[in-house]
Amino acid sequence: MDTSLEKVCTVVDPTLAEMGKNLKEAMQMLEDSQRRTEEENEKKLPSGDIPGPLQGSGQDMVSILQLVQNLMHGDEDGEPQSSRYENGCAYFHEDEREGLAKICRLAIHSRYEDFVVDGFNVLYNKKPVIYLSAAARPGLGQYLCNQLSLPFPCLCRVPCNTMFGSQHQMDVAFLEKMIKDDIEQGRLPLLLVANAGTAAVGHTDKIGRLKELCEQYGMWLHVEGVNLATLALGYVSSSVLAATKCDSMTLTPGPWLGLPAVPAVTLYKHDDPALTLVAGLTSNKPADKLRALPLWLSLQYLGLDGVVERIKHACQLSQRLQESLKKVDHIKILVEDEFSSPVVVFKFFQELPGSDPGLNAVPAPNMAPSTVSQERHSCDALNRWLGEQLKQLVPASGLTVMDLEAEGLCLRFSPLMTAAALGTRCEDVDQLVTCIKSKLPVLTCTLQLREEFKQEVEGTSGLLHVDDPNWPGIGVVRYEHANDDKSSLKSDPEGEKIHAGLLKKLNELESDLTFKMGPEYRSMKSCIYIGMASDDIDVSELVETIAVTAREIEENSRLLENMTEIVRKGIQEAQVQLQKANEERLLEEGVLRQIPVVGSVLNWFSPLQASQKGRTFNLTAGSLESTEHTYVSKVQGTGVTPPPTPSGTRSKQRLPGQKPFKKSLRGSDAMSETSSVSHIEDLEKMEQLSTGPEQDTPEANSPEQHPGAPSPQEADQAEALQEKAQHPKDDCPQAEELESLR
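The numbers in this note's numbering rise by one with no breaks, and the one at position 575 of the sequence shown is 571.
Below you can see the structure in the form of structure tokens.
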């Protein structure tokens, strides 16, 4: 149904709008049925539309070489047959954009009769306008202006639809308004570039309506896009089929067919050979004519059947992936209503709090813009991580990550551009869906734990939460040490040492989390980046471990620095005391005893009874102490006990085999506690039985039993309890806890 009619129906009566919707669905069902019927009957293009050598399943190399020889000697059997694109000429080029630049030059020569003589003056008096869609590939408009030596105001970008139809299709009504405004200002609407499959999501413009608009205002219509490959199939959608009525189109058969060294082709309609020669679309040089040889040989070898099979296989891969992703939660498929597009664009998403549960997840009006922006950045980071993971796990899929203005980061599957070269199969698509399902729990959990992690960090002293929108993990945290300048973002050597030690300690824990140091550039302070997480992560224990470990590293660093200073001062003090001791010894012994010969004789006649004096340096106290007590008691002093290492207040005891930061189940804790109490009771009972009664009883003094010995039943019970105590693992899964309680 036409867009204007839909607008009228929506305004006049909601019932008519619903009727139009039902009619559209019915027409779509009829088209699907017709397509299935044609595919089942293996309907092919009429033989009259295909040149004779391309019909069938291809030719062998001998026949191809013979045909080349006949063409070189001019032994052609007849004129080429008519094709679907009537009265068309071909221009072969290496750069995909070169053909469009030559078409623009041809359009200028056609519309400006005096351009060959007057040149720029003609364009200055009546500026040409080239219209491009806002969804066109990036850099195309700048390339055209540079090649044609036109100012950038000659380029006009047409916005896409915002209310009705696809958001990646050109807004025809707005385009017509722009054309009228340009004509009123004395400009000349020259050329319109339409898309049969946009570069981003594979949408097709309303080419039929655009063709009517171009004929009305005398504009040249050029079409390009990946969906032009479907023209080789038996079933072609009406929107793509309308491209055969345009003035020119650019085809890229190399990626479509997996041919790496073939040129692109620009087909155009024009009756004046002189203008095409001036525009550079035709040439008399034999070397220019040989550009088509690689493509011609490849098409001869593949034949029509080979070409159709490869394009059909790519379309089936897209349809297979799209149908599979519809059944996966938290995966949003964009452009679902574009049935003719062989491109699948999807992304991971999770509904925001208070948002519309629809596909677009529109934020509520009361939600702050900063919150919406933060959520979008978080979702973009997760989609980037998902794309990187899928490209590594399924490289044959050819997935690419792209950024759309409205939807954010998305993943694109375009088999027409990658399947033939990568050899993508249906099994690869199934593996891709399986990998997506396996990554969803980690994605959803990480997105949910981000807010909890932020709150825990903000509630812990000494830690600062850092917002990094490009990080896909739980979050980023920085430890603020005592000498940290919080107002400065310059490099911090002391903080770098603390964070380096903290990163080493966290990685030694061998948890399921990944920890990284960042950033790599020195203009920012060091931080700890925490990666993706599963749903059983204890965020409070994680944050507490980070804070306690960083505090320990800082205190140990301070202790080492203080000890170094104390040792330095102690050495200086020891040197001073040694000098004083030497002076005292000199005064005590006298000058004569210092003379080598005299001193020896004097010491032989009158030995000097010198006391043994020494010094020891106490690292704990940081002071010099006398060794007199050591020589008297023959025992070295123990010194002062060092202070205890700080520990967390909420640290918990992990079960055997449990990794750090894992949440323990309540059921297992209750079982452990019950089993521990039961084991203690068994031990106490065993000790009572082994000790025996404290008082003598008539039964105890009986001649059949030794006094103080337990009865046979009690002995058996004690033996069973003893065996149970020796093998606690048989009855209690927490063997180490029971052993400690014992």
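Note that CB positions come from ideal geometry on N, CA and C, so glycine has one too.
Is it buried or exposed, residue i, if we count other Cβ atoms within 10 angstroms and call 16 or more buried?
{"i": "residue 474", "result": "buried"}
{"i": "residue 577", "result": "exposed"}
{"i": "residue 379", "result": "buried"}
{"i": "residue 283", "result": "exposed"}
{"i": "residue 540", "result": "buried"}
{"i": "residue 422", "result": "exposed"}
{"i": "residue 136", "result": "buried"}
{"i": "residue 338", "result": "buried"}
{"i": "residue 405", "result": "buried"}
{"i": "residue 165", "result": "buried"}
{"i": "residue 639", "result": "Confidence at residue 639 is low in this model, with a pLDDT of 47, below 50, so its placement is unreliable and no value can be given for it."}
{"i": "residue 223", "result": "buried"}
{"i": "residue 195", "result": "buried"}
{"i": "residue 259", "result": "buried"}
{"i": "residue 148", "result": "exposed"}
{"i": "residue 459", "result": "buried"}
{"i": "residue 528", "result": "buried"}
{"i": "residue 488", "result": "buried"}
{"i": "residue 600", "result": "exposed"}
{"i": "residue 212", "result": "exposed"}
Who pairs with residue i in a beta bridge, going by DSSP?
{"i": "residue 510", "result": "In DSSP, residue 510 forms no bridge with anything."}
{"i": "residue 343", "result": "328"}
{"i": "residue 406", "result": "398"}
{"i": "residue 128", "result": "153, 189"}
{"i": "residue 658", "result": "533"}
{"i": "residue 461", "result": "473"}
{"i": "residue 245", "result": "219, 263"}
Leaving aside the five residues before and after residue i along the sequence, list all residues of the same chain whose C-beta is less than 6 angstroms from its C-beta, in chain order.
{"i": "residue 514", "result": "523, 525"}
{"i": "residue 253", "result": "306, 416"}
{"i": "residue 206", "result": "190"}
{"i": "residue 78", "result": "Any answer about residue 78 is weak, because its pLDDT of 42 lies below 50 and its placement is not dependable; what the coordinates show is given next. No residues qualify anywhere along the chain."}
{"i": "residue 220", "result": "246"}
{"i": "residue 87", "result": "95, 262, 277"}
{"i": "residue 304", "result": "228"}
{"i": "residue 537", "result": "657"}
{"i": "residue 742", "result": "Any question about residue 742 goes unanswered here, given that the chain covers just -3 to 738."}
{"i": "residue 387", "result": "395"}
{"i": "residue 216", "result": "103, 187, 243"}
What are the boundary residues of the beta strand (DSSP E) that includes residue i?
{"i": "residue 446", "result": "Looking at the DSSP string, residue 446 is not in any beta strand (DSSP E); the run it does join, the alpha helix (DSSP H), is 422 to 454."}
{"i": "residue 86", "result": "85 to 89"}
{"i": "residue 525", "result": "523 to 526"}
Looking at chain C, is there any beta carbon in it that lies within less than 7 angstroms of the beta carbon of residue i?
{"i": "residue 578", "result": "Among the chains in the structure shown there is no chain C, since it carries only a single protein chain."}
Go through its chain and collect everything with a Cβ distance to residue i's Cβ below 8 angstroms, but skip five positions before and after it.
{"i": "residue 85", "result": "263, 264, 265, 266, 272, 277, 278"}
{"i": "residue 170", "result": "154, 155"}
{"i": "residue 496", "result": "513, 522"}
{"i": "residue 174", "result": "127, 152, 154"}
{"i": "residue 382", "result": "344, 407, 432, 435, 439"}
{"i": "residue 234", "result": "204"}
{"i": "residue 510", "result": "469, 526, 527, 528"}
{"i": "residue 199", "result": "131, 162, 164, 165, 191, 193, 331, 334, 337"}
Can you tell me where the alpha helix (DSSP H) with residue i in it begins and where it stops?
{"i": "residue 297", "result": "289 to 321"}
{"i": "residue 492", "result": "489 to 504"}
{"i": "residue 235", "result": "234 to 237"}
{"i": "residue 270", "result": "269 to 275"}
{"i": "residue 225", "result": "No alpha helix (DSSP H) contains residue 225, which DSSP labels as neither H nor E."}
{"i": "residue 415", "result": "411 to 418"}
{"i": "residue 120", "result": "116 to 121"}
{"i": "residue 281", "result": "Looking at the DSSP string, residue 281 is not in any alpha helix (DSSP H), and its letter there is neither H nor E."}
{"i": "residue 103", "result": "94 to 107"}
{"i": "residue 139", "result": "136 to 144"}
Starting from the C-beta of residue i, find all residues in its chain whose C-beta is less than 7 angstroms away, skip the five residues before and the five after it, and write them out in chain order.
{"i": "residue 764", "result": "Only positions -3 to 738 of the chain appear in this structure, which leaves residue 764 out of reach."}
{"i": "residue 100", "result": "126, 140, 144, 187"}
{"i": "residue 275", "result": "98, 101, 102, 105"}
{"i": "residue 568", "result": "none"}
{"i": "residue 392", "result": "418, 419, 420, 424"}
{"i": "residue 133", "result": "195"}
So does residue i have its beta carbon nearer than 6 angstroms to some heavy atom of the ligand HEM?
{"i": "residue 428", "result": "With respect to the ligand HEM, the structure offers nothing, as it holds no ligand at all."}
In chain order, which continuous runs of the alpha helix (DSSP H) of length 4 or greater are located wholly inside the stretch 152 to 212?
168 to 180
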